[in-house]
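First to last, the protein sequences are chains A and B. Going by my numbering, the first residue of the first sequence is number 1, and it counts up by one from there. Going by my numbering, the first residue of the second sequence is number 1001, and it counts up by one from there. For reference, the structure is listed below as structure tokens.
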Amino acid sequence: RKEVEQDPGPFNVPEGATVAFNCTYSNSASQSFFWYRQDCRKEPKLLMSVYSSGNEDGRFTAQLNRASQYISLLIRDSKLSDSATYLCVVIGAGSYQLTFGKGTKLSVIP
Amino acid sequence: DAGITQSPRHKVTETGTPVTLRCHQTENHRYMYWYRQDPGHGLRLIHYSYGVKDTDKGEVSDGYSVSRSKTEDFLLTLESATSSQTSVYFCAITREDSGNEQYFGPGTRLTVT
């Protein structure tokens, strides 16, 4: 089983739609979780950390389910500017090393 | 913006030549990383550093070496470049005071012909 798995997409959604991305991780001892966004030919940029209690930042909501080893990202009211690749990232216990999923590509269509 | 710069931003080199990529940070972070990103593989860790002269190997370290003689600079060297090392290389730092979030430099696009 791969360490961090994501549906590669692409997800093609109309403006205003709600879209959800899922990510599973294999190391049950993983401690920290993040979603990054990467635009074409640019560096990954931190979108949000994922906390055990779930967290929200504007139109974005992240959830963590430790029992199922599953992370999700929900984007509400999609904008054209949300088009990007979304990377799920996990850090193992006692480590500063990140493990990246391969990313899910989102295209928001007018 | 985490104050990370990479140089060069683009480089074309020939097989067999040595290449050094530089990562520079201005915020005194202890942890620095080198990744490569290739289609179908995502981001993979090459080497990382946890302080001056303290480095360790990542997932895909063969053919690469690193050095960190100053906190602010982390160098990645391809001793003898091969076409399989054509890739986009990203440097990153960890913000230990911010939940271990990692921030990336703008990347170096390397082509080995």
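Just so it is clear, CB atoms sit at the ideal spot from N, CA and C, and this is done for glycine as well.
- A direct Cα-Cα distance of roughly 34 Å separates GLU1072(B) from CYS23(A).
- In this structure, DSSP gives ASP1038(B) an extended state, which the three-state scheme calls strand.
- For SER30(A), the closest Cβ of chain B is not nearer than 8 Å.
- Distance from the Cα of VAL89(A) is smallest, within the candidate group LYS42(A), SER78(A), ALA67(A) and PHE21(A), for PHE21(A).
- Within chain B, not a single residue places a beta-carbon under 8 Å from that of SER26(A); the smallest gap is close to 15 Å.
- Annotated three-state conformation of GLU1096(B) is helix, per DSSP.
- Burial check for ILE109(A): the Cβ neighbour count within 10 Å stays below 16, so the residue is exposed.
- Apart from the 5 residues on each side of it in sequence, THR1111(B) sits with its Cβ closer than 6 Å to the Cβ of VAL1012 and THR1086 in its chain, given in chain order.
- The Cβ of PHE1074(B) sits no closer than 8 Å to any Cβ of chain A.
- Residue pairing by DSSP places SER49(A) opposite PHE34(A) in a beta bridge.
- Remark: C-beta atoms of TYR25(A) and VAL4(A) approach each other more closely than 8 Å.
- Closer than 8 Å to the CB of PRO10(A) there is not a single CB belonging to chain B.
- Measuring C-alpha to C-alpha distances from PHE34(A) to each of ASP82(A), LEU73(A), SER83(A) and LEU106(A) identifies LEU73(A) as the nearest.
- One finds GLU43 in chain A with Cβ atoms closer than 8 Å to the Cβ of GLY1105(B), taken in chain order.
- Look at SER81(A) here: in three-state DSSP terms it is helix.
- Here the alpha carbons of ARG59(A) and ASP1038(B) stand approximately 30 Å from one another.
- Taking a cut-off of 8 Å on C-beta distances, the region 9–19 of chain A does not touch the region 1075–1090 of chain B, as fewer than three cross pairs fall below it.
- With distances taken between CA atoms, PRO8(A) lies nearest to GLY1042(B) out of GLY1042(B), GLN1102(B), ASN1028(B) and VAL1088(B).
- Within the region 52–67 of chain A, contact with chain B at the beta-carbon level (separation under 8 Å) is assigned to no residue.
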